[in-house]
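Asks: There's a structure below that I have some questions on.
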Amino acid sequence: MLPRRAGYYTATIGLILLRYALQPVPHFLIFLTSRLGFPTSLAKMEKGMKLYYTSGACSLSPHIVLCELGLAHETEKVDLKSHTTASGADFYTINPKGYVPVLQLDNGELLTEGPAIVQYLADQKPTAGLLPPAGSMARSRAQEWLNFIATELHKSFAPLFNPTSPDELKDSARATIARRLGLIDKALTERDYLAGDQFSVADAYLFTIVNWAGHMAIDLTPWPAVSAFQKRVGARPAVQQALKAEGLI
Ligand SMILES: N[C@@H](CCC(=O)N[C@@H](CS)C(=O)NCC(=O)O)C(=O)O
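If you read the sequence shown in our numbering, its first letter stands for residue 1, the second for the next number, and so on.
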């Protein structure tokens, strides 16, 4: 009885070891390095997630977060006019909402909505500190900013992107954006980053949206703290990496 059971265990362990030996990088090492919070080359080699993005669109925010975390990922560009992806797929079959960003998880599940995606990503590697722990007041503050950027700043740009918007609507959008930037400038005068002294996913999102100002002839001079923030965040290696990957620099 005992030898048969020992044989069974030996065979099982052998099969497990063989499975790992056949991987290009043993998974347990990847698991270990990523759980320890090291964005090491081993962690980067893990078969990972996929981000559907459009250059310079709001999908740049999760793209920055993926780079900040050093999480293994691939990207696929989406042409929003034809709703076709770089590999020729009809984007509506991937996201019936028709917009980027979309994050495909390791298990194939799809996650949409930028603020939800960046929180999901930050929670994959809490040790990186891109978000405070769920349930803390600090987390709620970061969520407060994410929601403000999404609904009050990001969406205020919509009429400026729409060539059919009447001038009055564009003027009113510019006035709204100016008011929102005024509030953000005040917050950034008191601290380096939106949710505190440390860079968070809310900053990745803010950087992405404020990046549109130049394309819309919105001069940031009236908001020096916002200007300084753009320079500070734009100089981060992960931000440079994401901008480069999207062909923006
Ligand atoms: N609620 C969505 C909005 C995303 C969004 O506005 N995406 C824009 C690019 S910044 C887009 O893909 N627009 C194309 C469309 O709506 O057809 C989110 O927060 O992720």
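Don't be surprised by glycine CBs; every beta carbon is placed ideally from N, CA and C. Here the structure is a predicted model, which means the values were calculated and not measured.
Taking the alpha carbon of Y52 as the reference point, which residue from E76, R180, H63 and L66 has its own alpha carbon closest?
Replies: Cα-wise, what sits closest to Y52 is E76.
Asks: Looking at the unbroken alpha helix (DSSP H) that takes in M137, where does it start and where does it end?
Replies: Segment M137 to F148, the alpha helix (DSSP H) holding M137.
Asks: Can you give me the C-alpha to C-alpha distance between A134 and G98, rounded to a whole angstrom?
Replies: Cα to Cα, A134 sits roughly 30 Å from G98.
Asks: Which class does D123 belong to by DSSP, given the choice of helix, strand or coil?
Replies: Residue state, collapsed to three classes: helix.
Asks: Please report the distance separating the alpha-carbon of V239 from that of A175.
Replies: Computed Cα separation, rounded: 28 Å.
Asks: Can you give me the start and stop residues for the beta strand (DSSP E) that L80 sits inside?
Replies: That residue, L80, is in no beta strand (DSSP E); it is neither H nor E in DSSP.
Asks: Only counting runs of 3 or more residues, tell me where the beta strand (DSSP E) segments fall wholly within the region 54-120, in order along the chain.
Replies: Fully enclosed beta strand (DSSP E) runs of 3 or longer: 73-79, 102-104 and 110-112.
Asks: Let me check you understand the geometry: is the CB of T221 closer than 7 Å to at least one non-hydrogen atom of ligand 1?
Replies: Checking the Cβ of T221 against ligand 1 gives no.
Asks: Counting C-beta neighbours from all protein chains within 10 Å, is the total for P62 16 or more, i.e. buried, or is it exposed?
Replies: With 16 or more other Cβ atoms within 10 Å, it is buried.
Asks: Do Q124 and V201 count as a contact pair if the criterion is CB distance below 8 Å?
Replies: Taking 8 Å as the Cβ cut-off, V201 and Q124 do not qualify as a contacting pair.
Asks: Taking only the alpha-carbon atoms, compute the straight-line gap between E68 and G114 and give it to the nearest angstrom.
Replies: Each residue's alpha carbon lies about 16 Å from the other.
Asks: Does ligand 1 have even one heavy atom less than 7 Å from the beta-carbon of T112?
Replies: Correct: T112 has its Cβ closer than 7 Å to ligand 1.
Asks: Is it true that the CB of A173 sits closer than 8 Å to the CB of P163?
Replies: Cβ distance not < 8 Å, so P163 and A173 don't count as in contact.
Asks: Could you give the residue range of the alpha helix (DSSP H) that holds I249?
Replies: Where I249 is concerned, there is no enclosing alpha helix (DSSP H), given that its DSSP letter is neither H nor E.
Asks: So is M49 buried or exposed if we call it buried at 16+ other beta carbons inside 10 Å?
Replies: Buried, since its Cβ has 16 or more Cβ neighbours within 10 Å.
Asks: Would you give the residue range spanned by the alpha helix (DSSP H) that I209 belongs to?
Replies: First-last of the alpha helix (DSSP H) with I209: V201 to V210.
Asks: Is it buried or exposed for L146, if we count other Cβ within 10 angstroms and need 16 for buried?
Replies: Under this definition L146 is a buried residue.
Asks: Just tell me which of V65, L60 and A225 has its CA closest to the CA of G129.
Replies: Comparing Cα-Cα distances from G129 to each of V65, L60 and A225, the minimum goes to V65.
Asks: I think L80 touches N95, with their Cβ atoms under 8 Å apart; what is that distance to the nearest whole Å?
Replies: Incorrect: roughly 11 Å between the Cβ atoms, too far for contact.
Asks: Is any heavy atom of ligand 1 found at a distance shorter than 7 Å from the C-beta of Y99?
Replies: It does: the Cβ of Y99 is within 7 Å (strictly closer) of some heavy atom of ligand 1.
Asks: Looking at C-alpha atoms only, which residue of R232, P101, E168 and H83 is the closest neighbour of Q198?
Replies: Considering only alpha carbons, the answer is R232.
Asks: Could you check if I249 is buried or exposed, using at least 16 other CB atoms within 10 Å of its CB as the buried criterion?
Replies: Its Cβ having fewer than 16 others within 10 Å, I249 is exposed.
Asks: Taking Cβ to Cβ, would you say W223 is nearer than 8 Å to L169?
Replies: For W223 and L169, no; Cβs fall outside 8 Å.
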